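This report refers to the structure that appears directly beneath it.
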Amino acid sequence: DTGVSQNPRHKITKRGQNVTFRCDPISEHNRLYWYRQTLGQGPEFLTYFQNEAQLEKSRLLSDRFSAERPKGSFSTLEIQRTEQGDSAMYLCASSTGTSGIYNEQFFGPGTRLTVL
Amino acid sequence: AQKVTQAQTEISVVEKEDVTLDCVYETRDTTYYLFWYKQPPSGELVFLIRRNSFDEQNEISGRYSWNFQKSTSSFNFTITASQVVDSAVYFCALAPYGNNRLAFGKGNQVVVIP
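The listed protein sequences derive, respectively, from chains A and B.
Under the working numbering, think of the first position of the first sequence as 7, with each following residue one higher.
Under the working numbering, think of the first position of the second sequence as -6, with each following residue one higher.
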């Protein structure tokens, strides 16, 4: 399977715990995105990497959230001190592209987080 | 800021009927891209179509067609001769030129009844 993969697919945690999600993009894609989707809503942009550089962050990404993409390959999204409001599907997407050119984002299956 | 509005929430059709999904967007950018994505029950978003704001030609791709009207800021999507496998949530999305963040609407739940 050469698509975007995400692990774990499901995560249940207690409020106050830290969680980390992983995303492996399509191998030749230099761009990687994180989105959050709550029930009944469309995905909301969180952050974006081009290679290893984090180029954009949404105001939705509070100080408790941090994302990394070491070496421009896989990415991790960590949420510290989780709150019940963090319960959502976290989607990762990747694309090719250079500045000013838009290419389709291909999405992974998501990680569903439930905070008890 | 960009905003995408999909007014209809759930649409039910009988198999083989056509279904049209409405999308209205707001943006201050003069150049942008518009998309439709499908999210089946499995949850994975699937890219369907992309349209550039500077090209208003409407096209057909298989059973999918779209009607882009810049004057009314609308980007409607039609599935012709619907099939049960078309049952999914469909999202309209927008990205300004030079910006990679997709702004999604709330989605349309399409239910195709056999």
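From the three backbone atoms N, C-alpha and C, an ideal C-beta is built for every residue, glycine too.
Being a predicted model, the structure only gives us computed values, none of them experimental.
The beta-carbon separation of Phe51 of chain A and Arg37 of chain A, rounded to 13 Å, does not stay under the 8 Å limit for a contact.
Close CB contacts of Arg56 of chain B within its chain, under the 7 Å cut and outside five residues either way in sequence, are with Ile72, Thr73, Ala74 (chain order). Judged by pairs of C-beta atoms under 8 Å, the segment 1 to 10 of chain B does not touch the segment 109 to 116 of chain A, as fewer than three such pairs exist.
By the criterion of a C-beta distance shorter than 7 Å, Pro14 of chain A is surrounded in its chain by Thr117, once the five residues flanking it on both sides are discounted. Under the 7 Å criterion on CB atoms, Gly22 of chain A is classed as non-interfacial with respect to chain B. When Cβ pairs closer than 8 Å are counted between the two stretches, the segment 54 to 71 of chain A is seen not to touch the segment 7 to 22 of chain B, the count staying below three.
For Glu52 of chain B, not one C-beta of chain A is nearer than 7 Å to its own C-beta. In this structure the segment 84 to 97 of chain A touches the segment 7 to 26 of chain A; the number of beta carbon pairs closer than 8 Å is three or more. Looking only at B:Ser80, B:Asp79, B:Tyr90, B:Ser46, the smallest Cα-Cα distance to Thr65 of chain B is reached by B:Ser46. Under the rule that a run must span 3 or more residues, the beta strand (DSSP E) segments found entirely inside the segment 27 to 65 of chain A read 37 to 43, 50 to 56, 59 to 63.
In the structure shown, Val78 of chain B falls within a helical segment according to DSSP collapsed to helix, strand and coil. Put simply, of B:Arg94, B:Asp79, B:Gly100 the residue whose alpha carbon is nearest the alpha carbon of Cys85 of chain B is B:Gly100. Judged by beta-carbon spacing, Ala96 of chain B lies beyond the 7 Å limit of Tyr26 of chain B, meaning their Cβ atoms are not closer than that value. Per the coordinates, the alpha-carbon of Asn93 of chain B lies some 9 Å from the alpha-carbon of Tyr39 of chain A.
Contact between Lys31 of chain B and Tyr83 of chain B holds: their C-beta atoms lie close to 6 Å from each other, under 8 Å. With contacts defined by Cβ atoms closer than 7 Å, Leu119 of chain A and Lys17 of chain A form a contacting pair. Counting only Cβ-Cβ distances below 7 Å, Lys(-4) of chain B has no contacts in chain A at all, with the closest Cβ about 11 Å away.
Check the Cα spacing between Arg21 of chain B and each of B:Gln(-1), B:Lys63, B:Phe28, B:Ile42: the tightest is with B:Lys63. Here Ser64 of chain B carries a helix assignment [DSSP, helix/strand/coil]. At a beta-carbon threshold of 8 Å, the residues of chain A lying near Glu37 of chain B are Phe113, Gly114, Pro115, Gly116, ordered along the chain. Contact annotation for Arg21 of chain B against chain A: no contact, minimum CB-CB distance about 17 Å [criterion: below 7 Å].
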